[in-house]
Structure formats: C-alpha cells, structure tokens
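Here the structure is laid out as structure tokens; the discussion comes afterwards.
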Amino acid sequence: MLEATAIWIQLGGSCSRPLPSLSSPAYDAGVMLQRLKTWVARRFDRRRQAIGRVVRVPATDAVPTSIEPGEAFIVGEPMKWLIVGCPCRCRENLWLNLMESAEPRWTITFRGGKIGVRPSVDAVECGSHFWIADGVIRWV
Ligand SMILES: [Zn+2]
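Residue numbers (the working numbering): 120 to 259.
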C-alpha cells in the first residue's frame, strides 16, 4: 500500500530525479493491484503459508490445471517436475524443473516429511518470490 502511494506522489509532484517511463511496469494498475494482493496474502492469511500436501504422480496429465495453494505435485520417476500452486492464490501452477539436463533447475529435500526447495521461487506472472523450507513458505 505504501509503495503504491509513493508512486502516485512521485507522479504528481515535481521531482529532480528522472522518473521511469510511464509505460514502465511499475505504473501498470494490474501489476500494482497484484502486488497489493500479494502483500495482503503474505501478512493476513496464515493458511497459505505452508506446503502441507505433496503428491507423487507418474506424468503431468495427472496434475490439476489449478493446484490449490499449499499443495505440490512431484512428476515422474526419476523426478522431472515439482509443480506448486502459487501461494499468493493467483491460481497459477508454478513449474519447477528438477531434471539435471535442463536449466534453471531446482533441488528438493525432505526433512521430517516436510519439503524444502532450492533456490527460491520467483513467479513471473504475479511477482511472488518465496522460499520453501521445511514445508513453510518464506516470502522474500
Ligand atoms: Zn501467484
């Protein structure tokens, strides 16, 4: 919220620093609204802050088109993909490559039955950026 306000003040006032171009993604209302939603989601809904259910499936066709936040699917044996329902609730499935033959690549660990993922997950569409450690979403 503060971020959005600051942008509008900068737009309206006189500023000696050069402003980013008006076509900059920072001024796009949709992007700003999604950032606000993510900000609210991070702070007020604790239910979506964990990966509570990890399902192993043989192939991607067994993965729902919109995975619930808090769920993840591991596809293939050996493991090819980790597909996570975005925790910001944008309904996007985030596909993380686990195959050594391709980049970028993530590695997953299980400690006490809780999943960990490295490196962090940076969702392009909604701007969510988070770590998964011991089954818990840690926002960057
Ligand atoms: Zn999202």
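Just so it is clear, CB atoms sit at the ideal spot from N, CA and C, and this is done for glycine as well.
Note that this is a predicted model, so its numbers are computed, not measured.
Subject >> Between the CA atoms of E219 and I186 - distance to the nearest angstrom >> reply: I186 and E219 have their alpha carbons spaced roughly 25 Å apart.
**OP:** Answer yes or no: the CB of A242 versus the heavy atoms of ligand 1, is any distance below 8 Å?
**Re:** Taking the Cβ of A242 as the reference point, at least one heavy atom of ligand 1 falls within a distance shorter than 8 Å.
Subject >> Length of the line joining the Cα atoms of I256 and S247 >> reply: 11 Å
Original post:
What three-state label does DSSP hand L104 in the structure shown?
Top reply: Given a span of 120 to 259 for the chain in the structure shown, any question on residue 104 remains unanswerable.
**OP:** Note down, in chain order, each residue of its chain lying with its Cβ closer than 6 Å to the Cβ of G204, except the 5 sequence neighbours on either side.
**Re:** I186, E187, P188 and E190
Original post:
In this structure, does DSSP put D147 in helix, strand or coil?
Top reply: Here DSSP, grouped into helix, strand and coil, assigns D147 to coil.
Original post:
Nearest-angstrom Cα distance between W200 and T228?
Top reply: Their backbone Cα atoms lie some 14 Å apart in a straight line.
Original post:
Beta carbon of P206: closer than 8 Å to some heavy atom of ligand 1?
Top reply: P206 Cβ: within cutoff of ligand 1.
Original post:
Going by C-alpha distance, which of G254, D253, I251 and A242 is nearest Q153?
Top reply: It is A242 whose Cα lies nearest to the Cα of Q153.
Subject >> Counterpart residues of D241 in DSSP-defined beta bridges >> reply: H248
Original post:
What is the DSSP secondary structure of A181, counted as helix, strand or coil?
Top reply: helix
Original post:
In this structure, what does DSSP give as the bridge partners for E190?
Top reply: As computed with DSSP, E190 is found in a beta bridge with R172.
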